[in-house]
């Protein structure tokens, strides 16, 4: 009964109604698009374009293959919702086609991909704010465009399976992808299709990917790690401590980084952030002997910034642990001394001064009495 | 009538009190105190913004990374000065104690505990008469030793966090976070102590500037340092027990 009532909740009914209405209102708009021009049927295009070996030579001599794999095409996300050839190739209304005026295949791709923005405007605008757009503006034409990551004709959901996201980035960023694949995050993703570990876009963003080598990215990176590693539910699932970030932010390094984040986020600082010790794409769990923070490697990792540190140095690190008698006895006793004995002494001294004030006042009043 | 004659007449009539003063601190001791006061203040003022770096007021002061560097430099210079004063004080005091040119009155003795109890009994209105003291009162000795203890802690912990790599070549690494904690907590303890205890005794209870002038009046000597007065003058030092002079 309660279950049925849940299905009948007003919010659900209203939102379903709205959704339905939007379909009804929007679909005629699609249909209205070209009543003057007869639309070219996809089957008509495929009469030629399913022929194997169909291609055309561009001005620079590059061959542009024109054959479409009909099976893959019919499985694409666009095809499944009825978007056909002319939606993206509106300039073609019959045969013969207008002549292709492009020097190279890349030039053609860079012109054709702009058609994506007709429907995916916000993602396109985001992509203009990315490092990929920046390097394209600087003249690097190989910089990726929509179709490089999503494909042109055989577009699939980019996150099915989830590992596909990172594999897509790995097509260009091969070295980083190789390191990522062997990391605690990457191996869980690729071997177990783990839904919790970060894929590239979780840390770098999707369409508006920023340069991760800037001071700003560095200063904000601990927060990025914290978005998962400070989540108690998520960390409990894997037996990790979710206090690592809060303890880091009150540690020597963390306070420093916090001040830079608050005041000078774009000024470079050398105080250690998560990735300085744990690694970036190649992060391994600390109990893995190959980890940069495993007991065997910890000193070497410290020495990246503190080159003269001796073997005792690693004992100074308390960044991820509460004060405890077992781990940090010196800090433990110092803390007891300053949180009990010293306040007690100050309280005694304060009480003593108060008694003196009372005694002095009483004496003065007595002296002035007749 | 000339001014001089007036003064003489008034003196005869008892209108002008001519008072003896007693040397309490040597010029060197007064300088030591002045420099300690200066370095202590500079260290506190440059240390607090570093301790409370996460606070808005501190970030207002330390508005640029360069300012943080500057404030640390000032802190380190003041620290070196304070260490010098502290070493000078300890070495000189020990040498002079050994040569018997300095009385050991500042050294802690079991009598201090008894004096503390006596003071407490007087403060709680159990005893009617205020306990008498020698050159240093119970409170002054407590102040001195609190600062000695605090200065030792601050110097040691400060050096540890200034040169952590150097010290952990010999000492365990855990001493660095312990020193950081101690430096931070002891600074606050010392600041509270100065404001609450020291400033009460030298400003509010009475304005005692003898550490700057070097001298104490006969009246103050008799009232606060009765036994010392007796020792120096051979006269009974007991104050007039509430009688007007």
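Residue numbers (this note's numbering), protein chains in the order written: chain A, 652 to 1021; chain B, 54 to 298. Note that CB positions come from ideal geometry on N, CA and C, so glycine has one too. Here the structure is a predicted model, which means the values were calculated and not measured.
Residue environment, residue i, which counts as buried when at least 16 other CB atoms sit within 10 Å
i	result
residue 182(B)	exposed
residue 171(B)	buried
residue 685(A)	Residue confidence for residue 685(A) is low, a pLDDT of 43 falling below 50, so the modelled location carries little weight; the figure read from the coordinates is stated next. Counting Cβ neighbours within 10 Å, residue 685(A) comes out exposed, since fewer than 16 surround it.
residue 221(B)	buried
residue 194(B)	buried
residue 192(B)	buried
residue 888(A)	exposed
residue 167(B)	exposed
residue 767(A)	buried
residue 851(A)	buried
Min CB distance residue i to chain B below 8 Å
i	result
residue 882(A)	no
residue 733(A)	no
residue 930(A)	no
residue 985(A)	yes
residue 887(A)	no
residue 997(A)	yes
residue 972(A)	no
residue 1016(A)	no
residue 924(A)	no
residue 678(A)	Any answer about residue 678(A) is weak, because its pLDDT of 49 lies below 50 and its placement is not dependable; what the coordinates show is given next. It does not: the Cβ of residue 678(A) has no partner Cβ on chain B nearer than 8 Å.
residue 867(A)	no
residue 989(A)	yes
residue 895(A)	no
residue 993(A)	yes
Rounded straight-line distance, which links the Cα of residue j to that of residue i
i	j	result
residue 814(A)	residue 891(A)	23 Å
residue 187(B)	residue 73(B)	18 Å
residue 240(B)	residue 96(B)	9 Å
residue 738(A)	residue 923(A)	51 Å
residue 272(B)	residue 1012(A)	20 Å
residue 214(B)	residue 275(B)	47 Å
residue 683(A)	residue 713(A)	Interpretation of residue 683(A) is limited by its pLDDT of 47, a score under 50 that renders its predicted location unreliable; no figure is taken from the coordinates.
residue 959(A)	residue 944(A)	18 Å
residue 125(B)	residue 957(A)	19 Å
residue 679(A)	residue 740(A)	Its pLDDT being 46, under 50, residue 679(A) is placed unreliably in this model, and the value from its coordinates should be taken loosely. Roughly 20 Å separates the two Cα atoms.
residue 792(A)	residue 799(A)	12 Å
residue 184(B)	residue 173(B)	10 Å
residue 87(B)	residue 929(A)	50 Å
residue 78(B)	residue 267(B)	5 Å
residue 197(B)	residue 987(A)	24 Å
residue 829(A)	residue 954(A)	26 Å
residue 925(A)	residue 872(A)	8 Å
The beta strand (DSSP E) enclosing residue i, as first and last residue numbers
i	result
residue 71(B)	From DSSP, residue 71(B) is part of no beta strand (DSSP E); its letter is neither H nor E.
residue 716(A)	714-716
residue 878(A)	Counting along the chain, residue 878(A) falls outside any beta strand (DSSP E), though it belongs to the alpha helix (DSSP H) covering 866-880.
residue 706(A)	706-708
residue 269(B)	268-270
Range covered by the alpha helix (DSSP H) that runs through residue i
i	result
residue 791(A)	First-last for residue 791(A): undefined, no H or E at that position.
residue 164(B)	163-176
residue 210(B)	191-215
residue 725(A)	721-725
residue 780(A)	Counting along the chain, residue 780(A) falls outside any alpha helix (DSSP H), and DSSP gives it neither H nor E.
residue 762(A)	756-763
residue 835(A)	835-843
residue 221(B)	Careful: residue 221(B) lies outside any alpha helix (DSSP H) and carries neither H nor E.
residue 126(B)	118-151
8 Å Cβ cutoff, residue i in contact with chain A
i	result
residue 112(B)	yes
residue 151(B)	no
residue 258(B)	yes
residue 250(B)	yes
residue 247(B)	no
residue 218(B)	yes
residue 91(B)	no
residue 176(B)	yes
Contact set between residue i and chain E, taken where Cβ atoms lie within less than 8 Å
i	result
residue 980(A)	In the displayed structure, chain E is absent; the protein chains listed are A and B.
Requested in this report: Can you give me, in chain order, the residues of the stretch 938-950 of chain A that have a beta carbon less than 8 Å from any beta carbon in chain B?
Outcome: Correct list: empty, as no residue qualifies.
Query raised in the report: What are the residues of the stretch 956-968 of chain A that lie near chain B, defined by any Cβ-Cβ distance shorter than 8 Å?
Result: The stretch 956-968 of chain A vs chain B, Cβ under 8 Å: 957, 959, 960, 961, 963, 964, 965, 966, 967, 968.
Report task. Using a Cβ-Cβ cut-off of less than 9 Å, list which residues of the stretch 1000-1014 of chain A approach chain B; keep chain order. Result -> Of all residues in the stretch 1000-1014 of chain A, 1000, 1001, 1003, 1004, 1006, 1007, 1008, 1009, 1010, 1011, 1013, 1014 have a Cβ within less than 9 Å of some Cβ in chain B.
Query - Positions along the stretch 771-787 of chain A whose CB lies within less than 7 Å of some CB in chain B - result: Per Cβ criterion, the list is empty.
Query - Where the stretch 128-142 of chain B meets chain A: residues whose CB sits under 8 Å from a CB there - result: Here the close residues number zero.
Query raised in the report: Can you list, in chain order, the residues of the stretch 906-917 of chain A whose Cβ is nearer than 7 Å to any Cβ on chain B?
Result: Of all residues in the stretch 906-917 of chain A, 906, 909, 910, 913, 914, 915 have a Cβ within less than 7 Å of some Cβ in chain B.
Query - Interface positions of the stretch 185-209 of chain B facing chain A (Cβ-Cβ less than 7 Å), listed along the chain - result: With the criterion set as a beta carbon lying under 7 Å from some beta carbon of chain A, the stretch 185-209 of chain B has no members that meet it.
Query - Selection of the stretch 78-109 of chain B by Cβ proximity to chain A, strictly under 7 Å - result: Taking 7 Å as the Cβ-Cβ cut-off against chain A, the residues of the stretch 78-109 of chain B that qualify are 106, 107.
Query raised in the report: What residues in the stretch 228-240 of chain B have a beta carbon less than 9 Å from any beta carbon of chain A?
Result: Here the close residues are 228, 229, 230, 231, 232, 233, 234, 235, 237, 238, 239.
Requested in this report: Mind checking the stretch 157-169 of chain B against chain A and listing, in chain order, the residues whose C-beta falls within less than 7 Å of any C-beta there?
Outcome: Those residues of the stretch 157-169 of chain B placed with their C-beta closer than 7 Å to a C-beta in chain A do not exist.
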